[in-house]
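Asker: For what it's worth, the working numbering labels the leading residue of the sequence shown as 9, then goes sequentially. Using N, Cα and C, we set each Cβ at its ideal position, and we do this for glycine too. Fair warning: this is a prediction, and the values are worked out from it, not measured in the lab.
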Amino acid sequence: MNILILGGGGREHSLAWAVMQNPKCDKLIVAPGNAGIAQIAECADLDIMDGGAVARFCEENAVEFVIVGPEAPLAAGVADRLREAGVLVFGPSAAAARLEASKSFTKEICDAAGAPTAGYARFTEVEPAKAYIRAQGAPIVVKADGLAAGKGVIVAMDVDAALEAVDDMLGGAFGSAGAEVVIEEFMEGEEASLFVLCDGSDILSVGTAQDHKRIGEGDTGPNTGGMGAYSPAPVLSPEVEARAMDLIVRPTIAEMAKRGMPFQGVLYVGLMIKDGQPRLVEYNVRFGDPECQVLMMRLGAQAMDLMHAAAEGRLGEMQVNWADDHAMTVVMAAQGYPGAYRKGTEIGGLDDLPEDSSHIVFHAGTKAEGGAVLASGGRVLNVTARGETLSEAHRRAYEMADRVDWQDGYFRRDIGWRAL
Ligand SMILES: Nc1ncnc2c1ncn2[C@@H]1O[C@H](COP(=O)(O)OP(=O)(O)O)[C@@H](O)[C@H]1O
Ligand SMILES: [Mg+2]
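1) Less than 8 Å between the CB atoms is what I'm expecting for G386 and G373, so what's the real figure, rounded?
2) Can you give the beta carbon distance from A315 to A335, rounded, assuming they're within the 8 Å contact cut?
3) Tell me whether V289 counts as near ligand 1, meaning its Cβ is closer than 7 Å to at least one heavy atom of that ligand.
4) Short of 6 Å in beta carbon distance, which residues of its chain neighbour P256, apart from the five on each side in sequence? Order them along the chain.
5) Residue range of the alpha helix (DSSP H) that C66 falls in?
6) With a threshold of 6 Å on Cβ separation, who are the neighbours of A61 within its own chain once the five nearest residues in sequence on each side are excluded?
7) Could you round the C-beta distance between R350 and D416 to whole angstroms and report it? I think they count as a contact, below 8 Å.
8) I'd like to check one pair, R222 with V228: are the Cβ atoms closer than 8 Å?
9) Look at the alpha carbon of K32 and the alpha carbon of M9, and state the distance between them as a whole number of angstroms.
10) Just how far apart, CA to CA, sit E198 and C206?
11) To the nearest angstrom, how far is the alpha carbon of V71 from that of A126?
12) State yes or no: is the C-beta of L178 within less than 8 Å of the C-beta of V189?
13) Jot down the residue ranges of each uninterrupted alpha helix (DSSP H) in the region 72–97, minimum 4 residues, whole runs only, in chain order.
14) With a threshold of 7 Å (Cβ to nearest heavy atom), would V161 be considered close to ligand 1?
15) So the beta strand (DSSP E) G15 belongs to, where does it begin and stop?
16) Out of F131, E68, S112, G395, state which residue places its alpha-carbon closest to the alpha-carbon of E95.
17) If you check the beta carbons only, do E79 and R294 fall under 8 Å apart?
18) Looking at G236: is its Cβ nearer than 8 Å to the Cβ of T397?
19) Shortest alpha-carbon distance to N450 belongs to which of L14, I48, G44?
20) Measuring only from the beta carbon, is E193 closer than 7 Å to any heavy atom that is part of ligand 1?
21) From this set, A137, I355, E263, which residue's C-alpha is nearest A380's C-alpha?
22) Please say whether A152 and A102 have beta carbons closer to each other than 8 Å?
23) Report the residue from R404, Y128, P346 whose alpha carbon sits nearest the alpha carbon of V369.
24) Per DSSP, T374 forms a beta bridge with which residues?
25) Can the beta-carbon of S239 be found closer than 8 Å to that of V302?
26) Tell me which residue opens and which closes the alpha helix (DSSP H) that K266 is part of.
27) As a quick exercise: from S384, A348, R394, pick the residue whose alpha carbon is nearest that of E363.
28) Compute the Euclidean distance between the alpha carbons of E377 and A46, then round it to the nearest angstrom.
29) Taking only runs that begin and end inside the region 155–218, name each unbroken alpha helix (DSSP H) of 4 or more residues, in chain order.
30) Determine, using beta carbons only, whether V204 and V274 come nearer to each other than 8 Å.
31) Enumerate in chain order the residues of its own chain whose CB-to-CB distance from A26 is below 7 Å, with the five nearest sequence positions on each side excluded.
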């Protein structure tokens, strides 16, 4: 089978790595890819937001199966264009991708499905939103309705911060994504994520993970795209996971099917867990980055069979062959990230690192130039390891990170502290 993966981050490198281990893959192309992906697959220069262009590329290159990495092309309808062109695709329609692209749509689905989530109200006007905040008091959470690249949520510890967030969002700071705001009850608890493949009707869990969003050790400082992750998440015990599947995921998938917008792809279920009871924080309609890296490390080649079965509507026949293992990824970022940082600094020592089923460095923001690997983004490398225990995965990941020769690199030393 000829396969195309859309995207070019650490998530897509890990997807490419898993797909390449599967003997059913004859040829793999990744668009746009990065320096690490270029070492294992062909990279193509293609506008992945243009569904027509992607469909033509598939025809010209005899691509039979497309895996969509990021949310933006899904929300833009790229999976719909591919299905119209008769190409098999892993990823939801634009209609189903609203589970990520509109927070108020998700709330509406949760209401209809009876799924436990934070109490909320929706507003398009400033004054009613502010009156609601004053009546509810703090802490309280203000969210821009649409896609805001992880910057559209303010967890306000006092009323003034919430009022200011309303002014910003409805005042246009997020463009059309902030034309509506969702104001939510603040939920206490521990956060973790559950990843569920869906084929429109059947569902299959492919693992749990926890990530670290803040730049600084001890989970301090500004938010980032994610500085590390590990799987499984201890807080998502089999009992809690089963509860989340029964109370949240299954009713959501049934409600989407009932509305004529069946969800096919991977549902990223963000949960808040308190006293063993999960409530939904949000859905995403693709794998997390860096959570995908630890999931792929654990699943290996079978990940491709599972995604293929989801795309073909055969998930009911499938099961995951779990090893009793743990995985951790440590993100190496450019000094200064998530603020201003330098690009183009050279990274050495990568060729001397072990690369096997327990050790791999996935590339995020890198590019190859004259035989050297250069940093080309904020989050640059995902140093990923597997072990029989989380401490073993942790030790292996940090041994590798310490051997990477990159003067400008920064990474947190405490990934996994909560679980270790
Ligand atoms: N109702 C809530 N109560 C407490 N914390 C929340 C709530 N909603 C969101 N958060 C926090 O804010 C973060 C971002 O919110 P989320 O809904 O995941 O939006 P996005 O990922 O699109 O920015 C969450 O990971 C969580 O830490
Ligand atoms: Mg989130």
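Answerer: Judging by the given coordinates:
1) 6 Å
2) Looking at the sequence itself, residue 315 is Met, so the reference to Ala does not match. Their Cβ separation, rounded to whole angstroms, is 18 Å, which puts M315 and A335 out of contact at 8 Å.
3) yes
4) Correcting the residue type first, residue 256 is Ile in the shown sequence and not Pro. So the qualifying residues of the chain are A123, L288.
5) 59–68
6) D55
7) 6 Å
8) One detail in the question is off: residue 228 reads as Thr in this sequence, not Val. Yes, the Cβ-Cβ distance between T228 and R222 is below 8 Å.
9) 6 Å
10) 25 Å
11) 42 Å
12) yes
13) 79–83, 86–92
14) yes
15) 10–15
16) Per the sequence presented here, residue 95 reads as Val, with Glu not at that position. Among F131, E68, S112, G395, the Cα nearest to that of V95 is on E68.
17) yes
18) no
19) Because the chain is modelled from 9 through 428, residue 450 falls outside the range shown and cannot be assessed.
20) yes
21) I355
22) no
23) R404
24) A383
25) yes
26) 258–266
27) R394
28) 12 Å
29) 167–176
30) yes
31) M304, L307, G308, A309, A311, M312
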